[in-house]
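Scroll down for the structure; my scribbles are underneath it.
Numbering (UniProt numbering), first residue to last: 1 to 305.
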């Protein structure tokens, strides 16, 4: 009986999530009218983005809370084969980091915590459980974070968030899309991201929303240094359960695409990542505790160039 209940909850979860978004439609309409944003109101893509922004203000904190049990260990180097370990089993994030889809800075505090508690991608930190040693090497951990976020409202909130955290020197918001990262005219500053200049890329529940995913993942791959690492936690197309569940996911996506902004359920993100270019190692899998009937399955892990 419990299994049937669990199956039902997983199959209906996307629809419950969409219902929350639907209940924000009247508020979104009123807000756009009161602000005189008529063009957005009568533009499908613009209205959809505005609706998603209002939805995320409500559900974002809970989404983060649910994801932290995997994301924090991932960034700390405590994930292998999509399983969380109590020990450091790989390199944590370090150096120059590119955060894709930074949004309003939801994960900024996690980067700050990692950089001040000593989860550092160096042998000295990896081979010791001594907190003092970890803290001592923490200063050599993250040197710079570039938060890529093309939406103006989110960029404003992102900058405010990093200011509140005292991260102005460490964290820089880049208000463009992936395809414009090397264009100083687009970024509006002297900062550009050159090929082979990034130590780590972090993408957390964002690749589902980028346009032309395959092309942009390849563009991001080029930014990594040799030996650079890409930390991934994304929801993806169904692989387990195959035909019936895959059909159900595609059917759900038809409605999901309106209520959840530019998010898509059926991206073959794992394949696009693996085929972006040569990798020296790929540790990317679906968490083994996710059931075969999950409509929003995830991939978790690190790819090393």
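Note that beta-carbon positions come from the ideal geometry of N, C-alpha and C, so glycine has one too.
### Message
Please report the distance separating the alpha-carbon of residue 80 from that of residue 195.
### Response
Start at 1 with the first residue of the chain shown, and residue 80 comes out as number 80. Start at 1 with the first residue of the chain shown, and residue 195 comes out as number 195. Between the C-alpha atoms of residue 80 and residue 195 there is a straight-line separation of about 28 Å.
### Helix, strand or coil at residue 50 [DSSP, three-state]
Numbered from its first residue, the chain shown carries residue 50 at position 50. Residue 50: helix per DSSP, three-state reduction.
### Task
Whole angstroms is fine: what's the gap from residue 222's alpha carbon to residue 167's?
Here the question's residue 222 lines up with position 222 in the chain shown. Here the question's residue 167 lines up with position 167 in the chain shown. Roughly 27 Å separates the two Cα atoms.
### Task
Kindly list the residues whose CB is nearer than 6 Å to the CB of residue 128, restricted to its own chain and excluding five residues on each side of it in sequence; keep chain order.
As a working mapping, residue 128 is identified with position 128 in the chain shown. Note on residue 128: pLDDT 47, under 50, position unreliable in the model; no value is reported.
### Contact under 8 Å by Cβ, residue 104 with residue 157
Residue 104 sits at position 104 when you count from the first residue of the chain shown. Residue 157 sits at position 157 when you count from the first residue of the chain shown. Yes, these two residues count as a Cβ contact at 8 Å.
### Task
Could you check which residue in 226, 145, 301 has the C-alpha nearest to that of residue 101?
As a working note, residue 101 is residue 101 in the chain shown. Per the Cα distances, 145.
### Query
Based on the DSSP secondary-structure assignment, which residues constitute the bridge partners of residue 283?
On the chain shown, position 283 is the one that residue 283 refers to. In DSSP, residue 283 forms a bridge with 302.
### Task
Run the CB neighbour count on residue 193, radius 10 Å, all protein chains shown included, and call it buried at 16 or more, exposed below.
As a first step, residue 193 must be located in the chain shown, where it is residue number 193. Result: buried.
#### Entry: contact_flag[the region 40–48, the region 69–85] where n(CB pairs < 8 Å) is 3 or more
no
### Message
Going by DSSP in three states, residue 27 sits in which element: helix, strand or coil?
### Response
As a working mapping, residue 27 is identified with position 27 in the chain shown. Three-state DSSP puts residue 27 in a helix.
### Message
Rounded to whole angstroms, what is the Cα-Cα separation between residue 147 and residue 181?
### Response
Residue numbering aside, residue 147 sits at position 147 when the chain shown is read from its first letter. Residue numbering aside, residue 181 sits at position 181 when the chain shown is read from its first letter. Their backbone Cα atoms lie some 11 Å apart in a straight line.
### Query
So, helix, strand or coil for residue 238, using DSSP?
Your numbering for residue 238 matches position 238 in the chain shown. Residue 238 falls in the coil class under three-state DSSP.
### Query
Where does the unbroken beta strand (DSSP E) through residue 293 begin, and where does it stop?
Sequence index remark: in the chain shown, residue 293 carries index 293 (1-based). In the DSSP assignment, residue 293 falls outside any beta strand (DSSP E) and carries neither an H nor an E.
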